[in-house]
Amino acid sequence: MRTMRTILPKAALLMVAAISLYAAAPVPRPAPALTFTEPSGKATSIASLKGKVVVVQFLLTTCPHCQAFSRVLTQVANEFGPKVQAVGIAFDQDDAKNVPSYIKNIGTNFPVGSANQQAIPSFLGISVMDYSRMRVPQVVVIDKKGVIRGQTDINGGGPVGAEASLKALLNTLVKE
């Protein structure tokens with residue numbers, strides 16, 4: 015009896031871990047359709063950026079981690095110039111109104127806009143359940159052919175969330 019009490023909780027934890035691993039989006043994979051709208055009203059689809067290496071940062075304008083990553087991304091965009099297109103997407107509909115002040119306060123040198131909140135989980139390749147508990151910023155790197163080649167995990171971690179690893183991946187992709 016005691017053995018069953020200790021085995022069942024461990025088995026349940028293993029199942030949850032396996033489901034979480036299974037739910038993680040595979041990389042590489044084609045980038046799904048997604049359009050964001052800048053404060054000026056200009057709508058841009060991610061697919062229209064094909065031919066460039068693209069770094070997409072999904073953010074909340076009030077998130078200090080997002081603000082810090084946008085500053086890093088601004089430096090990265092300066093370093094790589096026209097070879098890399100950075101994009102910031104605020105995905106909380108209430109947050110869209112804060113985008114103009116975000117751009118001004120952070121000093122981004124790349125387009126920052128907003129997108130339909132319902133489109134984000136499928137773009138990230140995560141379940142709605144994972145979406146409800148994901149941390150920001152979420153970062154996706156897309157190659158010149160429109161294939162996602164790097165992505166943070168739902169906790170906002172992973173190689174593309176770190177500046178050195180992001181730059182290494184970008185160096186590889188711009189040479190392809």
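The C-terminal position of the sequence shown is numbered 190 in my numbering, with every residue numbered one higher than the one before it. Every residue, glycine too, gets a C-beta built ideally from N, C-alpha and C.
With a cut-off of 8 Å on the beta carbons, I'd call residue i and residue j a contact; round off their distance for me.
i	j	result
S128	A104	5 Å
A45	G160	5 Å
Considering only residues of the same chain and omitting the five flanking positions on each side of residue i, which have a CB-CB separation below 6 Å?
i	result
V188	V67, K97
C80	L73, L74, V150, P151
Q99	L63, K66, V68
T186	none
S59	T49
Find out if the Cβ-Cβ distance for the pair residue i, residue j is shorter than 9 Å.
i	j	result
T122	T76	no
G164	G172	yes
L184	V155	yes
P53	V113	yes
Helix, strand or coil, according to DSSP, for residue i in the structure here?
i	result
G127	strand
V101	strand
R149	coil
G164	strand
I33	The pLDDT assigned to I33 is 41, lower than 50, so where the model puts this residue is not dependable; a value taken from the coordinates is nonetheless given after this. Note: I33 maps to helix in three-state DSSP.
P44	strand
S59	strand
L74	coil
I120	helix
I140	coil
When you compare only the Cα positions, how much space is there between residue i and residue j?
i	j	result
E177	V126	19 Å
L70	D108	Before going further, note that residue 70 is Val rather than Leu in the sequence given. Cα-Cα distance, rounded: 20 Å.
K118	K111	13 Å
K181	Y116	24 Å
I140	T166	11 Å
V101	S146	22 Å
G175	A82	11 Å
S62	A47	10 Å
V142	N130	14 Å
P78	E190	34 Å
Q132	T49	12 Å
N92	D144	33 Å
F94	I162	19 Å
G55	R43	29 Å
Taking 7 Å as the limit between beta carbons, can you name the residues of its chain near residue i, skipping five residues before and five after?
i	result
F72	I103, F105, I134, V150, P151, Q152
A39	L138, G139, I140, Q165
S179	P173
Once the 5 residues before and after residue i are set aside, which same chain residues still bring their CB inside 8 Å of it?
i	result
G65	K158
R85	I120, G121
V41	I162, R163, G164, Q165
F124	L87, T88, A91, Q99, A100, V101, G102
M148	L138, I140, I168, N169, G170
Does residue i come within less than 9 Å of chain D when only Cβ atoms are used?
i	result
L187	No chain D appears in the structure shown, which is made up of a single protein chain.
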